Structure formats: C-alpha cells, structure tokens
Amino acid sequence: MAFSDRYLLSVTTISLFFSLSIAFFPGYDTHFMGPRFPNEAHPLTGLCPEYYQFTCPQADEIVISVLKEAIAKDPRMAASLLRLHFHDCFVQGCDASVLLDDSHYIVSEKNAKPNKNSLRGFQVIDQIKERLEEACPNTVSCADIIALAARGSTILSGGPTWKLPLGRKDSKTASLKGANANIPPPNSTIQNLITLFARQGLDQGDLAALSGGHTIGVARCVNFKQRLYNQIGNSKPDETLERSFYYSLERVCPRTGGDNNISPLDYASPVKFDNYYYKSILEQRGLLNSDEVLLTGNDQFVAGLVKSYAEDEALFFDRFSKSMVKMGQINPLTGYNQGEVRKNCRRVNGAF
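All letters in the sequence shown, in the order written, are residues 1 to 352 by UniProt numbering.
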C-alpha cells in the first residue's frame, strides 16, 4: 500500500473514531478535542452549552414543553424550580443531590430545615426526566434537568435567557448536614449571606443579583414571622418594615399559628420576572429579612447594586444571567469517572 493510501486510511479511521465516540456516548467532553474545536468545553468545569447537540438535541425543547404545562397549572411552579436549582448547587455542588429520596444508603436533603415542607417541583422534574428517557435514554442527567428547568422557568416568567453550560453528572450521595449548614436562612444578616455565598465561590455581586430570583414566588409565614413580632428579641416588629406593608402581613401571618400561610416575595408582580423586587426593598417592603438587609445591612456595595437594579431592569437581567451561569458551575461532576446519569432522579442507579 502506498504511503498516501496508508495516510488517507489513518485519517479516515481517526475521523470515524471521533464520530462514533460522539454518537454513542451520552454527551461528550469537547475539551479533549483541542482549542480549534468550535464547541470547546469550559477549561475548569468541562461543561459546555452544546453538550447534548448530537446525543439529545431536543432536550431543551422537551424541558420547555413540560414547564409550559406545569406553570399553566400552577404559576408558582416557576419560582419553585428556580429555587430548586439554588438549593441543589449550594450543597455538594450542582449534582442533583437534592432530588434523592431517603433510602438504605441515602439520608435525603429534602429533610433539611430549609427544604422540608418547603421545596417543591420534584414531580415536574420527574415528568421531564420521563420524557427525556423516552427520547434519549441514559443521556440527560438530573443535574442538567434542574439547570434547564431553572432557565426555562425564568424565561417563561418574562425574565432573561442565558447560554447554559451542560454536562453535569448526578451524584450518588446526598448531604443533610450540608443542606442545613450551607443554604442561607430567611433571617440571615448581610454578613451571614456574604459568608455563605463566598463558601460557594460567589461574591457580593452574585449575592445581589441572585437574590433577584425572589422577584417571583412566595414565602411561608414561618419564614417572616420573626420580623412581625419579635425581630430582635423584644417582642416588637422590625422597624425597617413599611407600616402599611406590616399591617398587610399581620393579616396573613398571625402571632400564633398560620405558619404555612403564604405571602408574595414581590407584592407588585409575584409571577412576573422583573425588577420590582428591588423596588420593593427600596420601599421597605422586602418580605424576608434576607431581602431587606441587602439595603440596610451596612454593605454599601450590595446596597448600591439594589438601587442600580431597581432603576435598570436590563442591567439586572444581564447580571442575573451571568451569576446563574457562575452558580451553575459550582463543583459539577463531569467526565466518565465521576457520578452517573440517573434513570430515576429520586434514587441512584441500581438502588431498590
């Protein structure tokens, strides 16, 4: 065989190898393909927006179709799914550990104080997973489904979109201790918030932007009752609460009982993703203590961002999108030797 023929055969074989690798492996890690490959993965996380372009190109379309049905039935669901992504990423990284149910080997994060009787959207994730398994078996991870659902919920609520890096794998473990320790409580001080965000590699700018996710959704009475009746242990309300707002909350959240009664986080437009959340904080109508301290917590940088986002919705949308991408890349499991792609998001593969 002539040299040119052998060379041509070698090139053809290599090309075929890469084509088959991409076609038959669920997802692919494009960072192995060199700097000239147009869809190169993030050099630190291995995630890339085009991860499923060959193995499940319809993934986002399937996610959006399920979200449309779910949000039409329950407009609060958009906020619940956005919150689910936050609560997942703050514990062990964005690995779908929050979805695991109790088992012989797992103590579920669903039992953690910030999650129990509060976190929602698990059935919607199940529906998305079922449809994706029909279309692309063993391909799209539950961790990526959470991230896609958070972005889709934001878009369907009138908020921004962003180029979403994908390729996360699902963990085989959960951390009840981590969920109790790392998820910011609703009565957080500004310093507590800054510390908990920094623990995840997120800065004060991310804190100010990601808090804007509270522009949609509701909170339970138990999470803001302290502000109404015993803010600093003197049986008096939080002095930063605007008076008429305080009276409206008092009717929803009595001193005794009513812990599961709900109130909008953004009273002006609770199901529309906009910048009224920041405007409400400036009006002293932030629902949670962790909302109001963004302005009153003696951090001038964060307070300045609250004012900027209240004035400029486009700026908020831009910063929120960037911070969501950053949060979504907290300690992902990637490659073929970390995690797995669960068949059922509620349990690890092989579990009974």
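The beta carbon of each residue, even a glycine, is placed where N, CA and C say it ideally should be.
Everything numeric in this text was worked out from a predicted model, so none of it was measured.
{"Check": "P218, DSSP secondary structure in three states", "Outcome": "Note that residue 218 corresponds to Val in the displayed sequence, not to Pro. Strand, per DSSP."}
{"Check": "Identified DSSP bridge partners for N344", "Outcome": "R347"}
{"Check": "Reference E61, options R131, A79, D102, A78, closest by Cα", "Outcome": "R131"}
{"Check": "Nearest candidate by alpha-carbon position, reference D206, set A303, P49, V63, V348", "Outcome": "A303"}
{"Check": "Contact belief for E109 with V91 at Cβ below 8 Å, rounded distance in angstroms", "Outcome": "6 Å"}
{"Check": "Own chain residues within Cβ distance below 6 Å of R120, not counting five before or after", "Outcome": "S80"}
{"Check": "Nonlocal neighbours in the same chain, by C-beta distance under 7 Å from D274, ignoring five residues either side", "Outcome": "G158, T215, E313"}
{"Check": "Local Cβ density within 10 Å of H104, reported as buried at 16 or more and exposed below that", "Outcome": "exposed"}
{"Check": "Contact under 8 Å by Cβ, L249 with G152", "Outcome": "no"}
{"Check": "Ranges of the alpha helix (DSSP H) found wholly within the segment 244 to 282, counting only runs of at least 4", "Outcome": "276 to 282"}
{"Check": "Cβ shell of P332 (< 8 Å), same chain only, five flanking positions each side left out", "Outcome": "T45, G46, L47, G93, C94, D95, A143, G167, R168, K169"}
{"Check": "C-beta contact flag for I183 and A149 at 8 Å", "Outcome": "no"}
{"Check": "Burial state of P38, where buried means 16 or more other Cβ atoms lie within 10 Å", "Outcome": "Low local confidence applies: a pLDDT of 34 at P38 is under 50, so the model's placement there is unreliable, with the coordinate-based value given in what follows. By the neighbour-count rule (16 or more Cβ atoms within 10 Å), P38 is not buried but exposed."}
{"Check": "Local conformation of C48 per DSSP, three classes", "Outcome": "strand"}
{"Check": "C-beta contact flag for V325 and P165 at 8 Å", "Outcome": "yes"}
{"Check": "Nearest to N187 (by Cα), restricted to the options S175, N230, G178, S97", "Outcome": "N230"}
{"Check": "Which listed residue (D238, A209, P49, A181) has its alpha carbon closest to that of K163", "Outcome": "P49"}
{"Check": "Counted within 10 angstroms of its Cβ, other Cβ atoms place K73 as buried (16 or more) or exposed", "Outcome": "exposed"}
{"Check": "Whole-angstrom C-beta distance between V348 and K172, which should lie under 8 Å", "Outcome": "5 Å"}
{"Check": "For D266 and E311, the rounded distance between their alpha carbons", "Outcome": "16 Å"}
{"Check": "Euclidean distance between Cα positions of D101 and S244", "Outcome": "42 Å"}
{"Check": "Close Cβ partners of I155 (< 6 Å) along its chain, the five nearest in sequence each way excluded", "Outcome": "T161"}
{"Check": "8 Å Cβ cutoff met for I330 and G178", "Outcome": "no"}
{"Check": "Boundaries of the alpha helix (DSSP H) in which H85 is found, first to last residue", "Outcome": "77 to 89"}
{"Check": "Helix, strand or coil at K116 [DSSP, three-state]", "Outcome": "coil"}
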